[in-house]
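Which chain is which? The protein sequence lines are A and B, in order. Position 183 of the first sequence, counting from 1, maps to 247 under my numbering, and the rest follow consecutively. Position 84 of the second sequence, counting from 1, maps to 88 under my numbering, and the rest follow consecutively. Here a beta-carbon is modelled for each residue, glycine too, at the ideal position from N, C-alpha and C. All remarks here apply to the structure that follows.
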Amino acid sequence: MPLSPKEAAETLTSVEQAARRSAQAFGYRNASPYLILWGLIWVAGYAGTDLRPEYANLIWAVLVVLGGTVSFFLGRHCERTVGTACYKGGWRMLGLFALVFAFMAATYSIMWPVHGLQFGAFPALLVGAIYCGMGLWLGLRFVVTGALVMGLTLVGFFFLREHFMLWMAFVGGGGLILAGVWFRTV
Amino acid sequence: MEQPDPIIHQPVRLRIMSALKVLPTSELIEFVRLKAIVAATEGNLGAHITTLEEAGYVAVEKDFAGKRPRTRIALTNQGRRAFENYVAYLRDIIDAQPTTFQ
């Protein structure tokens, strides 16, 4: 028996819902290694800054180059194994990082001089906002992760100023790692 | 298409096909992940995947990830075409209904 228009519309809605859930799960899975990687970099970077603040610029320069390079190869690997998805992989991922760091450098330059805590908090707030924005398209878990990163950064900035870098290392970096693991559970 | 494709026209199989269709062409999805997406029990999902595999709509790949056995599923080209035809069939029905003006 042919379907009625109402039944056809309901079936189409069911198709769209399943497709949306699947696309979200795919997006989470692709984002997971990046979250874990950058969580580790945050742990190393902020902990290193806390221990040896005089080398903070060098520590972060090395870690950012390392993170960008590994992210590039993660994207290339995804392109090879999955195909054309993976946010279009390596080169675009590298472009995104270049854009983010250019934006941060430009912001610091017009706001200079900035305090050490501001220097540490701004990238985390920016990353949190980017995740929240991505979540509007890619799913709620990105929004939750971004909001947590921003919230925890502000808590550390205003209430734990003495230990802000350690806070960011273990709560911020650890949070990103946990979010990466959470993203793999879909 | 006079009648809906009986292989796809079943709620769980429809969700399976929808979930697979949205992935890139060469992407395989793990059984456990698919189970969570389509909200089916293991036995139920397995039975429906077998039906889809026998129709040539999905390909099933079994291997090991380390020491853990792993089952992964992908949409075949035939399955992709059948699903597109099915969705076109639904859209035709919806588009064919007379428009009412209030």
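- Secondary structure note for B:Asp99: its alpha helix (DSSP H) is the uninterrupted segment Asn81 to Ala100.
- If the five residues before and after B:Glu65 are omitted, its C-beta is found closer than 8 Å to the C-beta atoms of Leu32, Thr75, Arg76, Ile77 and Ala78, all from its own chain and listed in chain order.
- In this structure, the alpha-carbon of B:Ile98 lies about 45 Å from that of A:Ser135.
- Contact with chain B is found for A:Val79, since one of that chain's Cβ atoms lies less than 8 Å from the residue's Cβ.
- Excluding the 5 residues flanking it on each side, B:Asn48 has same chain C-beta neighbours closer than 8 Å at Val16, in chain order.
- The distance from the Cβ of A:Arg85 to that of B:Ala44 is about 12 Å, inconsistent with a contact at the 8 Å cut-off.
- Here B:Pro73 carries a strand assignment [DSSP, helix/strand/coil].
- In the DSSP assignment, A:Ser96 falls within the unbroken alpha helix (DSSP H) covering Pro69 to Leu115.
- Note that the segment 86–100 of chain A touches the segment 202–211 of chain A; at least 3 beta-carbon pairs, one per stretch, sit closer than 8 Å.
- The segment 91–107 of chain A and the segment 166–185 of chain A do not touch, with fewer than three beta-carbon pairs separated by less than 8 Å.
- Excluding its 5 nearest sequence neighbours in each direction, A:Thr217 has C-beta neighbours in its own chain below 6 Å: Ala185, Ala188 and Leu189, listed in chain order.
- In terms of Cβ geometry, A:Gly238 and A:Gly103 form a close pair [threshold 8 Å].
- Against chain B, the CB of A:Pro69 has a partner CB under 8 Å away; the residue lies at that interface.
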